[in-house]
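Asker:
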Amino acid sequence: MQPMLATRSANKDGLPRGKDWSYEVKWDGVRVIADTTRGELRLSARSGREVTTAYPELAGLGALQGAVLDGEVVVMAGSTPSFEALAERMHVRDAARARRLATRAPATFVVFDLLALYGVDITRRPLDERRATLAGLALPERVQLSPVYPDLDDLWAVTLEHGLEGVMAKRRSSTYQPGRRSPDWVKAAHRSTRVAAVVGWLPEGAADAGRGAVGNARPGSPLDEPVPAADARHVTWCEPVVTVDVAYLQRTARGRLRQPTIRAPRTDVPVDPWETP
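So, in structure tokens, the structure goes:
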């Protein structure tokens, strides 16, 4: 079954309000459907690819009879999900390696919806009813229920303070709509911004390619520190005379920006210092 998808809001102001809506943390992990309707546990990524082998610590889900659950697999670093820690786990196909990683950096399945139970499809029932049924289940080890909150403003402030990804708003009467990006679910993420210098560009279609070109090309990187060979491949370097405003989801321990978006050129402020993460 394909997961139901949320529409995107640029910020908190675009999230719906009122008694017809409930709010959850937007978890920084990977979407997974857990299915036991065929007698054994199958974990599937949003693409439909099976990922059961990658998360052996979630095997306890197999005890839930005839169930289909929707949730997010996360790896915690302290009290906050770490996408960097999860990245090492996401594509593992070797069972022995997956077991070693599960011991070192165990994943948690944060479940937020129930689509079937005892072989009965409940996707046409209202969200509130599905959630009540889900809350009544005895969830196994490494599986936890995503809490639901009534107040948007409080949850937005708390998720921002604790470095969580954002907030999901869900219509309490909504059915589950597999594969559809529905206005009954709306998401907004906390994104940081910084002013950055353009020091090079990649050709169209290259990994992480940017757009545009600058007429001040140079033979090598203008940066003081060396650039990893994988990142420097195919780059045309330029003098750092153009600055842009960049929005991004998170900065990794290696200093890379996750999901960066160039918002606009900037000429009114200096480049933000590239401090050590």
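In this text, residue positions in the sequence shown follow our numbering: the first is 464, and each later residue adds one.
The beta-carbon is built from N, C-alpha and C at its ideal position, and this holds for glycine as well.
What span of residues does the beta strand (DSSP E) with R601 cover, start to end?
Answerer: Correcting the residue type first, residue 601 is Ala in the shown sequence and not Arg. A601 -> no beta strand (DSSP E), and no H or E assigned at all.
Asker: I need the straight-line Cα distance from R480 to L615, nearest angstrom please.
Answerer: Looking at the two C-alpha atoms, the distance is approximately 7 angstroms.
Asker: Name the residue from G626, S542, H697 whose alpha carbon lies nearest to the alpha carbon of P666.
Answerer: Measuring from the Cα of P666, the nearest candidate turns out to be H697.
Asker: Look at the Cβ atom of T515, then the Cβ atom of R505, and state whether they are nearer than 7 angstroms.
Answerer: Yes, these two residues count as a Cβ contact at 7 angstroms.
Asker: Report the residue from E702, P589, L720 whose alpha carbon sits nearest the alpha carbon of R657.
Answerer: For the residues E702, P589, L720, the minimum Cα distance to R657 belongs to L720.
Asker: What residue does the alpha helix (DSSP H) around D617 start on, and which one ends it?
Answerer: Segment 615-624, the alpha helix (DSSP H) holding D617.
Asker: What residue range is occupied by the uninterrupted alpha helix (DSSP H) comprising R567?
Answerer: Where R567 is concerned, the enclosing alpha helix (DSSP H) stretches over 558-567.
Asker: Helix, strand or coil for V677 per DSSP?
Answerer: Confidence is the limiting factor: at V677 the pLDDT is only 42, short of 50, which leaves the residue's position unreliable and the question unanswerable from this model.
Asker: Specify the secondary structure class of L578 as computed by DSSP and reduced to three states.
Answerer: L578 falls in the strand class under three-state DSSP.
Asker: Specify, as a first and last residue, the run of the alpha helix (DSSP H) that D694 falls within.
Answerer: Residues 692-695.
Asker: For P728, I'd like the list of residues in its chain whose CB is within less than 8 angstroms of its CB, leaving aside the five on either flank, ordered along the chain.
Answerer: Cβ within range, chain order: V705, T706, V707, D708.
Asker: Just to confirm the assignment, what range does the alpha helix (DSSP H) spanning A550 have?
Answerer: It spans 546-550 - the alpha helix (DSSP H) in which A550 sits, taken as one unbroken run.
Asker: Please work out which residues of its chain come closer than 6 angstroms, Cβ to Cβ, to A710, disregarding the five sequence neighbours upstream and downstream, and give them in chain order.
Answerer: If we look at A710 and ignore the five residues flanking it on each side, its Cβ neighbours are R654, T656, T724, R726.
Asker: Measure the alpha-carbon distance for V734 versus P682 and round it to whole angstroms.
Answerer: Roughly 23 angstroms separates the two Cα atoms.
Asker: Considering only C-alpha positions, which residue in the set A595, R605, V574 is nearest to R635?
Answerer: R635 has its Cα closest to that of A595, out of A595, R605, V574.
Asker: Under a Cβ-count criterion, where at least 16 other Cβ atoms within 10 Å of its own Cβ denotes burial, should P544 be classed as buried or exposed?
Answerer: Counting Cβ neighbours within 10 Å, P544 comes out buried, since at least 16 surround it.
Asker: Would you mind stating whether R593 and L577 have Cβ atoms separated by less than 7 angstroms?
Answerer: Going by C-beta atoms, R593 is nearer than 7 angstroms to L577.
Asker: So R501 is in the beta strand (DSSP E); what residue range does that whole segment cover?
Answerer: Here R501 belongs to no beta strand (DSSP E), and DSSP marks it neither H nor E.
Asker: Short check: CB of S645 to CB of L590, under 7 angstroms?
Answerer: No; because the gap between Cβ atoms is not below 7 angstroms, this pair is not in contact.
Asker: What three-state label does DSSP hand K633 in the structure shown?
Answerer: Correct three-state label for K633: strand.
Asker: In whole angstroms, what is the alpha-carbon distance linking A550 and W648?
Answerer: Their backbone Cα atoms lie some 26 angstroms apart in a straight line.
Asker: Which residues in the same chain have their Cβ closer than 8 angstroms to the Cβ of Y581, if we skip the five residues on either side of it in sequence?
Answerer: Excluding positions up to five away in sequence, the list reads Q528, G529, A530.
Asker: Use the C-beta contact count for K482: other C-beta atoms within 10 angstroms, 16 or more gives buried, fewer gives exposed.
Answerer: Its Cβ having fewer than 16 others within 10 Å, K482 is exposed.
Asker: Buried or exposed: where does E604 fall if 16 or more other Cβ atoms within 10 Å of its Cβ makes it buried?
Answerer: Exposed, because fewer than 16 other Cβ atoms sit within 10 Å of the Cβ of E604.
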